[in-house]
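J.: For the sequence shown, the working numbering begins at 18 and goes up steadily by one.
Ideal Cβ placement from N, Cα and C applies to all residues, glycine included.
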Amino acid sequence: MTAEGTTASSPEELVVSVEQANALIDLIGIREGHNALSSVIPVSGLISAGLGDSNGLVGDVEAILGPARTVDSRLAIRVVSPRPSIGVRNVRIWPSQPRSVVMRAEDDGVHFTQVDFCDVPHILAEESLLAPGPTIHDGPPSISVNFVQAVRDVDLERAQSALIDVAAQGPSESHFSQDCWHKRWCVVLCVREERTRDRWKDAGHVECFVTDHMHAQIHAPIDPRALALMRERNAPTLDAPPRTALWGFLMELLAK
């Protein structure tokens with residue numbers, strides 16, 4: 018169904034605006050009966066859109082998003098790339114059995130979909146751009162803090178400039194340098210978030226630098242203050258373990 022509630026594209030899919038999606042994310046993160054529920058609903062615009070009432074979610078919306086309200090952990094995935102075909106992607110997964118909820122930001126709105134739990138590992142790998150391919154790590158053993166911070170700020174111009182500075186320190190004919198110069202790169206950040214009493218807390222992450230020739234792991238803290246401190250010490254390391262190992266790291270986030 019769409020945000021207006023007039024068209025059913027699928028009994029297991031909901032398409033809403035970004036603003037409505039943010040309100041729904043807040044709402045499904047609130048336990049039933051919690052005092053915050055009464056404050057979120059009136060100001061969220063969900064009632065006027067037919068997505069909720071004073072008691073919470075309604076009808077098909079509750080049926081689609083219901084599994085997400087039962088979990089105490091979720092995964093947030095962001096892909097940032099200068100490639101026009103990729104750009105910036107945001108995905109969330111609420112894994113639960115037997116049905117899970119996946120959120121994807123698309124051109125026509127934000128899609129919430131119900132999937133079988135057994136499909137979640139495949140979706141996690143696909144959204145993290147993890148697939149069979151070559152591993153030619155002929156670049157530096159580290160990446161600059163400025164690049165990592167720019168990517169997390171979704172500032173592609175600043176990220177590209179910082180990456181060129183890194184590439185300029187090595188041979189220009191290397192696969193790493195060529196992929197950097199020609200903007201054939203992506204950064205994928207997958208964060209596990211766990212519910213605490215009053216908020217969702219980061220509980221582990223995997224961050225990867227992906228090019229046409231490698232899928233490397235960036236070892237950098239998620240806390241921006243801790244990341245800033247790295248400027249005074251060592252830059253975040255960059256290594257390219259076997260892709261099966263990266264798959265294992267992602268599955269660990271899912272299985273914690």
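Give me the DSSP bridge partner(s) of N107.
T.: DSSP, once it has assigned bridges, lists R95 as partnering N107.
J.: State buried or exposed for P112, treating a residue as buried only when at least 16 other CB atoms are found within 10 Å of its CB.
T.: Burial call: buried.
J.: Below 8 Å CB to CB, which residues in the same chain sit around H222 once its five sequence neighbours on both sides are set aside?
T.: Correct list, in chain order: L206, C207, V208, R209, I239 and L270.
J.: Once you ignore the five residues that flank I153 on each side, which residues in its own chain have a CB closer than 7 Å to its CB?
T.: Excluding residues within five positions, the ones whose Cβ falls inside 7 Å are H192, H230 and M231.
J.: Using only the alpha-carbon positions, how far apart do G150 and Q195 sit?
T.: So the alpha carbons of these two residues sit roughly 17 Å apart.
J.: Just to confirm before moving on: does the CB-CB distance between S290 and A252 stay below 9 Å?
T.: Here the chain has residues from 18 to 273 only, and residue 290 is not among them.
J.: Would Q131 and R116 be called neighbours here (beta carbons separated by less than 9 Å)?
T.: Yes.
J.: Using the three-state DSSP reduction, which class does E177 fall into: helix, strand or coil?
T.: It is Gln, not Glu, that sits at residue 177 in the sequence shown. Helix.
J.: Rounded to whole angstroms, what is the Cα-Cα separation between A257 and S145?
T.: C-alpha separation (whole angstroms): 15 Å.
J.: Just the C-alpha distance for L173 and F164, rounded to the nearest angstrom, thanks.
T.: Those two C-alpha atoms are separated by around 9 Å.
J.: Identify every run of the beta strand (DSSP E) within the segment 114–182, keeping only runs that are complete inside it and at least 3 residues long; order them along the chain.
T.: List check, beta strand (DSSP E) in window: 116–123 and 126–133.
J.: Determine the DSSP secondary structure at I235, reduced to helix, strand or coil.
T.: I235: strand per DSSP, three-state reduction.
J.: Do V105 and V96 come within 9 Å of each other at the CB atom, strictly closer than that value?
T.: Result yes, Cβ atoms of V96 and V105 sit closer than 9 Å.
J.: Rounded to the nearest angstrom, what separates D136 and E143 at their Cα positions?
T.: C-alpha separation (whole angstroms): 11 Å.
J.: I need the DSSP call for G187, collapsed to helix, strand or coil.
T.: In the structure shown, G187 sits in coil (DSSP, three-state: anything other than H, G, I, E or B).
J.: Exposed or buried, which one is V227 when buried takes at least 16 other CB atoms within 10 Å?
T.: By the neighbour-count rule (16 or more Cβ atoms within 10 Å), V227 is buried.
J.: Hey, out of P84, P138 and R100, whose CA is closest to F129's CA?
T.: Nearest of P84, P138 and R100 to F129, Cα basis: P84.
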